[in-house]
Structures are given as structure tokens and as C-alpha cells.
Amino acid sequence: MPKATTEQQQPPVSRQLKAHNKSLLVRFLKQWDVQLMVIPGIILIFIFSYLPMYGVLTGFMDYNLFTGSNIWENPWVGFKHFEAFFNAPEFERLIRNTIIISLLKFCIGFPAPIILALMLNEVRHMFFKRIIQTITYLPHFLSWVIVAGLTMAMLSTENGSINMILQQVGAIDDPINFLSLKEYFWSILISVNVWKEIGFSSIVYLAAIASIDPHLYEAADIDGASKFKQIYLITLPSIIPVVVIFMILAIGNLLNAGFEDILLLATNPVLRPVSDVIDTYVYRVGLGTHRYSYAVAIGLFKAIISIGMLTIANYVARRSGNSLW
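Residue numbers (the UniProt record's numbering): 1 to 325.
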């Protein structure tokens, strides 16, 4: 029989699409129970995250609140609000504070739960281990209002525990109003953030460590490897894919320096030169002075930069074989 030509061997595009759609349908039917659980989440994300995105158009308008839901009645002004933000006297201070606070949270707050997970993994007394886990997890479930209140009470000049301890050990003579001094604010903010999130963030890393084959540790122990060498040669390389994924997400959020924590801890206007970030500025300008289009433009600017940083971080991570997409 004559051999089929190359054109005859390749199926038409329509046949390929039909086969592809059929394979997707077969995979969907095989996973119908899992897909049913995912669909409500997708619908909620679409309704609350994608449908309202047309509101970013107000960043290119002079939006008037009294026009109601019909935003098309507002005049278009192009990049007027973006230029106003770039030329604002607060621009340099906002960018500086946002980047510094974000980098501090990343450099200190990102490795902290990894270190805690490595330490908890070496604890052999299960009762003590569970107590430590519970103590470190609980702060995550406290609202920032409660955490800020506790922080202010501890740092208070009147019966504040921190000032009392420092006076007892002779470190200071008079109480210090820590939340009124600019040089202490970043340290307080980062410390409170780490204390609040370190336990909950370590759950993922503990789960990744638990999936490591215990025979690897037994073999390393027989070879005479110390605990530190086992952590360095077995544990850390095994959880690198999880670490890289969370690092990519953290880099994408580098411009999210914080909102609730800064807003509640930096109530003193004296701290504004070191505490004012993009999110707090948007809140103060957008709701305080009713400059909604200006606030939307700033938020859109931050979102675009974050997407770019996320894409770059994912591209770099892909070269090591670990990426989000």
C-alpha cells in the first residue's frame, strides 16, 4: 500500500480542537467531585474581583460621586491623576517608606517561619511541640485592632511592661514613649508583624518537611552527619520548591508594605515621615479628601508594578525549575 503523505498523516485543525475539547471534557468528568468544589470559588472570584475591575477606569476620569453607578458621565482626563501623583511632594517619601518597610518585612519576616519550622521539626517531645505550635499560631487569629492595642499597652509610658522591665534592669532612667519616636517605629512594626504571622506561616513549611522520606535522615545519621548537616543537605533542598513559590508571591507583594498595622500603630502624626506608605496615603487622600480618581490612579500604579515584579520573579525562578507558571 502507498505510504500516506505528510498532509494525510496530520489531522486537520478542527479535528485537533475536537480531540482536545473531548480530552478536557473527559478529564472534567473524571474529576467532577473536585471541580464542583472549585466552581463556587471561581464564581466568587469572578463576581468580586473581576466584575468590579471596570472601576479602574475612574482613574482616567474626574469621577464625581454624585453621578452614581453610571461612571461614563464623568469627563475623561487621561493620565492627569498619574502625573499629579508623580509630581506630588509626598511621592519620594511614600516610595521610600513603602520599599524600605516591604524589604524589612521580606528579609526578616520571610525566613522567620522557615527557621521556626526547622526548629519545631527537631523537637521530639510531642506535648511540648504542640504547646509551642499553639502559642505561635494564636496571634494570627487576633485582629490588628487587638494586636495594636496590646502593643500600645506594652509600650506605654504609664505601667507599660517594656518600660518597667528596662527600668528594672537599669537600661533606662525614665520611660520612653516608643510610639512617638521615629527611630523606633520600623523595629516595632516589623517585630509585631513577625510575632503575629510567624506561627501560621510555618504550617506550610512543616507540612513540606513532614513529607520528606525519613530514610534519608536515617542514612545520613548512619554516615555520621550532624543535625545541622542534615538540615543543610536534606531538609532545606527538599523544601526549596515550596520556599521558591512563596518567595515569588512575596516578591509580587513587595509594594504592599501594610495598611492596618501601620494605620493603627502610627496614629501619632509625628511618625508620618517614616510610616506613610502608598496604602495609607490612598486611604487618607481617597476617603479623607474625596479624591477618588486620584486614589484609584495610585492603586492602579501600584498594581501594575506588583504584576511586573511578580512576572520577573517567576521568570527568574523558572530557570531553577520552580515557578508558578
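Note that CB positions come from ideal geometry on N, CA and C, so glycine has one too.
Exercise. Grab me the residues of alanine 257's own chain with a C-beta within less than 6 Å of its C-beta, minus the 5 sequence neighbours each way, in chain order.
Key: Contacts found: Thr98, Ile101, Ser102, Val277.
Self-check item: Cβ-based burial, methionine 164 [other Cβ within 10 Å; buried from 16]
Solution: Exposed: under 16 other Cβ atoms inside 10 Å.
Self-check item: Minimum length 4: unbroken alpha helix (DSSP H) runs contained in the segment 250-279
Solution: Complete alpha helix (DSSP H) runs here, min 4: 260-265, 272-275.
Quiz prompt | Beta-bridge pairing of methionine 61 - partner residues as DSSP gives them | solution = According to DSSP, which records beta bridges pairwise, methionine 61 is partnered with Trp76.
Self-check item: alpha helix (DSSP H) runs contained entirely in the segment 114-185, provided each spans 4 or more residues
Solution: 126-137, 144-154, 161-168
Quiz prompt | contact_flag[the segment 172-190, the segment 266-283] where n(CB pairs < 8 Å) is 3 or more | solution = yes
Self-check item: Range covered by the alpha helix (DSSP H) that runs through glutamate 92
Solution: Unbroken alpha helix (DSSP H) run through glutamate 92: 91-104.
Quiz item: Would you say the segment 277-289 touches the segment 203-210, given that touching needs at least three Cβ pairs under 8 Å?
Solution: By the Cβ criterion, the segment 277-289 is not in contact with the segment 203-210, since fewer than three pairs of Cβ atoms, one from each stretch, lie closer than 8 Å.
Self-check item: Inter-residue spacing [alpha-carbon to alpha-carbon] between isoleucine 234 and serine 323
Solution: 21 Å
Exercise. With isoleucine 307 as the anchor, note down where its alpha helix (DSSP H) starts and where it stops.
Key: 292-318
Practice problem: Starting from the C-beta of leucine 300, find all residues in its chain whose C-beta is less than 7 Å away, skip the five residues before and the five after it, and write them out in chain order. | Solution: Val56, Gly59
Quiz item: Which stretch, first to last residue, makes up the alpha helix (DSSP H) that contains alanine 219?
Solution: 214-222
Quiz item: If you follow the alpha helix (DSSP H) that valine 38 is part of, which residue opens it and which one closes it?
Solution: Where valine 38 is concerned, the enclosing alpha helix (DSSP H) stretches over 32-45.
Quiz item: Relative to the alpha-carbon of valine 194, which residue among Gln133, Leu249, Pro113, Leu142 has its alpha-carbon at the smallest distance?
Solution: Closest option to valine 194, Cα to Cα, is Pro113.
Quiz item: Which of helix, strand or coil does DSSP assign to phenylalanine 110?
Solution: coil
Quiz item: Expressed to the nearest angstrom, what Euclidean distance is found between the alpha-carbon atoms of tyrosine 294 and phenylalanine 91?
Solution: 13 Å
Self-check item: C-beta contact flag for alanine 208 and glycine 252 at 9 Å
Solution: no
Quiz prompt | Same chain, Cβ closer than 6 Å to leucine 24, five either side skipped, listed in chain order | solution = There are no such residues.
Quiz prompt | Reference glycine 199; option with closest CA among Pro75, Tyr137, Tyr54 | solution = The shortest Cα separation from glycine 199 among Pro75, Tyr137, Tyr54 belongs to Tyr137.
Quiz prompt | Rounded Cβ spacing between lysine 196 and histidine 125 (contact assumed at less than 8 Å) | solution = Contact flag wrong, Cβ pair sits at about 26 Å.
Quiz item: If you draw a straight line from the alpha carbon of isoleucine 305 to that of alanine 219, how long is it in whole angstroms?
Solution: 47 Å
Quiz item: From this set, Thr289, Trp325, Ile307, Leu249, which residue's C-alpha is nearest leucine 65's C-alpha?
Solution: Thr289
Quiz item: Is it buried or exposed for alanine 210, if we count other Cβ within 10 angstroms and need 16 for buried?
Solution: exposed
Exercise. Using three-state DSSP, classify serine 226 as helix, strand or coil.
Key: Collapsing the DSSP output to three states places serine 226 in coil.
Quiz item: Exposed or buried, aspartate 174, counting other C-beta atoms within 10 Å across all chains shown (16 or more means buried)?
Solution: exposed
Quiz prompt | Exposed unless 16 or more other CB atoms sit within 10 angstroms - verdict on methionine 1 | solution = The pLDDT assigned to methionine 1 is 46, lower than 50, so where the model puts this residue is not dependable; a value taken from the coordinates is nonetheless given after this. Flag for methionine 1 reads exposed.
Practice problem: For aspartate 221, I'd like the list of residues in its chain whose CB is within less than 8 Å of its CB, leaving aside the five on either flank, ordered along the chain. | Solution: Gln230
Quiz item: When the Cα atoms are used, what is the spatial distance from leucine 254 to isoleucine 298?
Solution: So the two alpha carbons sit approximately 16 Å from each other.
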